[in-house]
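Residue numbers (the working numbering): 8 to 526.
Glycine residues also receive a C-beta, built at the ideal position from the N, C-alpha and C atoms.
In structure tokens form, the structure reads like this:
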């Protein structure tokens, strides 16, 4: 009897302890000490508690109260605050209190995309000098780990940190140089949420349910559904084991011969948790941050979608709209980097999947509050990861400074407006030329090609003939009907505004491209 009573007491104590633990209020990792809140905006703060539990959030004189729903989720909104700090936030539930120290209020930006956004400061040009000078305690960042899943995540393993010589090395180079320029110009705290994933495809960043409902991406989703249904873990494990055995033999042979060993084979199942499966990054990386107060997003991605550039015309703007819908903060600013020049320079003008992807990016400027940093002068033909991330960050910063903060600074590259055939020449007119068009290195404008009715392309000579016009001629084409500029994987081109911003690659024709049927 005594043992039964003791067992009952122990069981009750365990249940009470469990209930107490369940009642504790919790916060996701996006809310930690050293965080930055978006200024002049009602900032949501959310977490979990026991169903029905009252949660109180206090910052300064401000006190907000929220109640957890049946699922344990609660959300409170802090009234808008001006730039400044540091502040302390306390989040109190029925049985515990969380204190978030050293909270600043300033400008918050998401830094997303694939490897060129992920590319760290320590991998960038002059990394040693940049790290030595990185003494910016009011620039804060948080990095989101790479988790690919179809299950929406609430939090992640990470915390906010200040930029110091010791911490800045792993931060996105583009993100850091962008944020530093804003900080130095605006003199307010800057928060950077770094969530880039190298090699990622655009569709992985989008809510898969939204993709399915839209209908335009049915072929893309059908391909993935076939992969998912055909996956057999036992067979995949066996195949990987056999492949690894062969690789180990090949690696040993290469090592004995003093050669570079081949890359180890990946597991066939890795694509299911990887960075290309629709919805994977949305659920595993983006979801835990959605709703956090931000000014906008900077984005550097497209290389992984270049083979499907026509599809990107619809996919990329769909992604931006999806993010804006789910963030519920209206049309926040969204600025991206156009693909850099890459691969070998081609001796003859022709077709290019990378040029078509750049075109798709330019077309996305039709969305409100968007901008594009053109960098066809910054890339490296032999390396898909150009190291000059400083220039990339500054070109993105120009867009934000001009459009979000009212700073009078040149920000948009010259863009194609119209072309007029005039006998044996074509006159091209540009928009957004600043104080006028200019060339780099030589007076002749390089990078133009023209075609006649036969649709055969020939290099052409360009000459600046007005503040916003270039006249293009080619002896081989007596009656040109179409013109292109910088239309190549790695174009040789030199047209800029006098403010130093490169002209945007374009084509006047709409002839079918090489990626038109790729889905």
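What separation, rounded to the nearest whole angstrom, lies between the Cα atoms of residue 418 and residue 363?
-> In the chain shown, counting from the first residue as 1, residue 418 sits at position 411. In the chain shown, counting from the first residue as 1, residue 363 sits at position 356. So the alpha carbons of these two residues sit roughly 23 Å apart.
Supposed close pair residue 131, residue 397 - CB separation, criterion 8 Å = Position 124 of the chain shown, counted from the start, is the residue given in the question as residue 131. Position 390 of the chain shown, counted from the start, is the residue given in the question as residue 397. Their Cβ separation, rounded to whole angstroms, is 7 Å, which keeps residue 131 and residue 397 in contact under 8 Å.
Spatial neighbours of residue 478 in its chain, beta-carbon cut-off 6 Å, leaving aside the 5 residues before and after = For the purposes of this step, residue 478 is identified with residue 471 of the chain shown, where counting begins at 1. Leaving aside the five residues that flank residue 478 on each side, the residues in its chain whose CB is nearer than 6 Å to its CB run, in chain order, 432, 434, 470 and 472.
Cα separation between residue 207 and residue 377?
-> Start at 1 with the first residue of the chain shown, and residue 207 comes out as number 200. Start at 1 with the first residue of the chain shown, and residue 377 comes out as number 370. Their Cα atoms are separated by approximately 21 Å.
Taking just the CA atoms, how far does residue 209 sit from residue 345?
-> Against the chain shown, residue 345 aligns to sequence position 338. Against the chain shown, residue 209 aligns to sequence position 202. So the alpha carbons of these two residues sit roughly 14 Å apart.
Name the DSSP bridge partner or partners of residue 115?
-> Within the chain shown, the letter at position 108 stands for residue 115. Note: residue 115 sits in a beta bridge opposite 198.
Kindly list the residues whose CB is nearer than 8 Å to the CB of residue 169, restricted to its own chain and excluding five residues on each side of it in sequence; keep chain order.
-> Within the chain shown, residue 169 is the residue found at index 162, counting from 1. Here the set comprises 41, 143, 144, 145, 146 and 147.
If we ignore side chains and look at the alpha-carbon of each, how far apart do residue 292 and residue 221 end up?
-> Mapped onto the chain shown, residue 292 falls at position 285. Mapped onto the chain shown, residue 221 falls at position 214. Their Cα atoms are separated by approximately 22 Å.
Work out the CA separation of residue 163 and residue 320 for me, nearest whole Å.
-> Within the chain shown, residue 320 is the residue found at index 313, counting from 1. Within the chain shown, residue 163 is the residue found at index 156, counting from 1. Answer to the nearest angstrom: the Cα atoms are 32 Å apart.
Classify residue 165 as helix, strand or coil using the three-state DSSP reduction.
-> Along the chain shown, one-based indexing puts residue 165 at 158. In the displayed model, residue 165 falls within coil according to three-state DSSP, outside both helix and strand.
Kindly identify the DSSP beta-bridge partner or partners of residue 436.
-> In the chain shown, the residue the question calls residue 436 occupies position 429. DSSP lists 425 and 476 as partners of residue 436.
Apart from the five residues just before and just after residue 50, which ones in its own chain have a Cβ nearer than 6 Å to its Cβ?
-> In the chain shown, counting from the first residue as 1, residue 50 sits at position 43. Contacts found: 44, 85 and 300.
In whole angstroms, what is the alpha-carbon distance linking residue 172 and residue 278?
-> As a position in the chain shown, residue 172 is number 165, starting the count at 1. As a position in the chain shown, residue 278 is number 271, starting the count at 1. Rounded to the nearest angstrom, the two C-alpha atoms are 36 Å apart.
In angstroms, rounded to a whole number, what distance separates the CA positions of residue 511 and residue 79?
-> Counting from one through the chain shown, the residue named residue 511 turns up at place 504. Counting from one through the chain shown, the residue named residue 79 turns up at place 72. Each residue's Cα considered, the two are about 50 Å apart.
Return the chain-ordered ranges of every beta strand (DSSP E) run that is complete within the segment 274 to 331 and spans a minimum of 3 residues.
-> With a minimum length of 3 residues, the continuous beta strand (DSSP E) runs that stay inside the segment 274 to 331 are 303 to 307.
Residue 367 versus 318, 403, 384 and 356, residue with shortest Cα-Cα distance | By one-based count along the chain shown, residue 367 stands at place 360. Taking only the C-alpha atoms, the option nearest residue 367 is 318.
In the DSSP assignment, what are the bridge partners of residue 81?
-> Numbered from its first residue, the chain shown carries residue 81 at position 74. Beta-bridge pairing links residue 81 to 54.
From the DSSP output, in three-state form, read off residue 267 for me.
-> Working through the chain shown from its first residue, we reach residue 267 at position 260. If DSSP states are grouped into helix, strand and coil, residue 267 belongs with coil.
What residues in its chain sit with their C-beta under 7 Å from that of residue 92, if we drop five residues either side in the sequence?
-> Taking the chain shown and counting its residues from 1, the one referred to as residue 92 is at position 85. Within the same chain, residue 92 has close Cβ partners 110, 111, 112 and 196.
Short Cβ contact (8 Å threshold) for residue 340 with residue 233 | Here residue 340 refers to the residue found at position 333 of the chain shown. Here residue 233 refers to the residue found at position 226 of the chain shown. Contact annotation: residue 340 and residue 233 have beta-carbon atoms that are not nearer than 8 Å.
For residue 418, does the three-state DSSP call read helix, strand or coil?
-> Position 411 of the chain shown, counted from the first residue, corresponds to residue 418. In this structure, DSSP gives residue 418 a state outside helix and strand, which the three-state scheme calls coil.
Helix, strand or coil for residue 69 per DSSP?
-> Here residue 69 refers to the residue found at position 62 when the chain shown is read from its first residue. In the three-state DSSP reduction, residue 69 falls in the strand class (E or B).
State buried or exposed for residue 6, treating a residue as buried only when at least 16 other CB atoms are found within 10 Å of its CB.
-> An answer regarding residue 6 cannot be provided, because it is not within the stretch 8 to 526 covered by the chain.
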